[in-house]
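A short worksheet on the structure shown next.
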């Protein structure tokens with residue numbers, strides 16, 4: 001009988017870096033694997049992040065080093081760019097399917113979520129058929145030999161339960177309740193802004209590199 005895998009306990013910074021790599025591998029594949037500059041911008045996004053942070057490249061680099069030692073990320077070189085790039089190994093280290101990766105990614109980046117919020121916010125990470133599929137995926141992730149998520153108690157006035165991941169970090173509470181239609185509109189806008197932020201970070205890095213070569 002196989003021994004269940006033990007989940008690593010990650011810091012808030014490691015969770016943000018890992019979650020950002022997981023997200024960008026699906027939402028902006030043209031910019032993946034990611035440079036340090038692009039990944040830092042992804043971590044510091046003002047959209048689809050809770051809490052919003054302002055990491056510098058050194059902070060992100062330290063998290064990358066520890067994640068690499070844990071086997072959760074690796075480097076990629078080659079292609080037209082000589083810059084070192086980074087990719088996540090979550091689906092290699094753990095036996096998870098794309099739908100499960102999407103759920104875990106959302107919980108890493110946004111904190112505790114209800115099934116409805118996961119269904120709304122999954123966007124380009126994974127297209128769930130319906131809310132029942134989200135419930136089934138959460139149930140599987142919570143009851144596997146190695147559980148990845150756990151259910152949190154309902155808050156006063158809240159109809160849906162929330163789920164959080166079990167990879168460590170700090171739970172950030174949010175007492176605001178959005179309307180479903182507002183959440184759907186916000187999710188679409190967040191996706192578009194996220195892509196623009198990633199593209200700007202890559203363009204800035206290319207410009208800085210060009211200026212160094214010309215100087």
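In UniProt numbering, the protein residues as written are 1 to 215. Ideal Cβ placement from N, Cα and C applies to all residues, glycine included. A quick note: this is a predicted structure, and the numbers were derived from the prediction, not measured.
Quiz item: Alpha carbon to alpha carbon, how far is residue 115 from residue 104?
Solution: Straight-line Cα distance between these residues: approximately 12 Å.
Quiz item: Exposed or buried, which one is residue 182 when buried takes at least 16 other CB atoms within 10 Å?
Solution: Legend: pLDDT at residue 182 = 46, less than 50; position of this residue unreliable, value from coordinates given subsequently. Residue 182 is exposed by the Cβ-count criterion.
Quiz item: Between residue 85 and residue 33, is the Cβ-Cβ spacing less than 7 Å?
Solution: Between residue 85 and residue 33, the C-beta gap is smaller than 7 Å, which places the two residues in contact.
Practice problem: Answer with buried or exposed for residue 120, where buried requires no fewer than 16 other C-beta atoms within 10 angstroms of its C-beta. | Solution: With 16 or more Cβ atoms within 10 Å of its Cβ, residue 120 is classed as buried.
Quiz item: Taking residue 76 as the reference, which of 36, 107 and 112 has the closest Cα?
Solution: When only C-alpha atoms are compared, the closest one is 36.
Self-check item: At least three beta-carbon pairs within less than 8 Å, the stretch 85-98 to the stretch 106-113
Solution: By the criterion of at least three beta-carbon pairs nearer than 8 Å, the stretch 85-98 is not in contact with the stretch 106-113.
Quiz item: Which residues mark the beginning and the end of the alpha helix (DSSP H) in which residue 103 is found?
Solution: Per DSSP, residue 103 belongs to the alpha helix (DSSP H) from 98-110.
Quiz item: Where DSSP assigns a beta bridge to residue 163, which residues make up the other side?
Solution: DSSP output for residue 163 lists 113 and 151 as bridge partner(s).
Practice problem: Determine the DSSP secondary structure at residue 83, reduced to helix, strand or coil. | Solution: Three-state DSSP puts residue 83 in a strand.
Quiz item: Below 7 Å between beta carbons: does that hold for residue 39 and residue 60?
Solution: In contact: residue 39 and residue 60 (Cβ atoms closer than 7 Å).
Quiz item: Residues bridged to residue 74 by DSSP?
Solution: According to DSSP, residue pairing for residue 74 in a beta bridge involves 87.
Exercise. Since I believe residue 147 is in contact with residue 167 (beta carbons under 8 Å), could you give me their beta-carbon distance rounded to a whole number of angstroms?
Key: With a contact defined as Cβ atoms closer than 8 Å, residue 167 and residue 147 miss out at about 11 Å.
Practice problem: Pick helix, strand or coil for residue 38, following the three-state DSSP scheme. | Solution: Residue 38: helix per DSSP, three-state reduction.
Quiz item: Can you name the start and end residues of the alpha helix (DSSP H) that residue 30 belongs to?
Solution: Where residue 30 is concerned, there is no enclosing alpha helix (DSSP H), given that its DSSP letter is neither H nor E.
Quiz item: Between the beta-carbon of residue 100 and the beta-carbon of residue 141, is there less than 7 Å?
Solution: For residue 100 and residue 141, yes; Cβs fall inside 7 Å.
Quiz prompt | Local conformation of residue 219 per DSSP, three classes | solution = Any answer about residue 219 is impossible in this case: the structure gives the chain only from 1 up to 215.
Practice problem: Measure the C-alpha to C-alpha separation of residue 125 and residue 22 and round it to an integer number of angstroms. | Solution: So the two alpha carbons sit approximately 9 Å from each other.
Quiz prompt | Backbone CA spacing between residue 150 and residue 214 [nearest angstrom] | solution = In this structure, the CA atom of residue 150 is about 54 Å from the CA atom of residue 214.
Quiz prompt | Residue range of the alpha helix (DSSP H) that includes residue 66 | solution = Residue 66 -> alpha helix (DSSP H) spans 57-69.
Self-check item: C-beta atoms of residue 42 and residue 20 nearer than 7 Å
Solution: Result yes, Cβ atoms of residue 42 and residue 20 sit closer than 7 Å.
Quiz item: Which class does residue 10 belong to by DSSP, given the choice of helix, strand or coil?
Solution: Residue 10 falls in the strand class under three-state DSSP.
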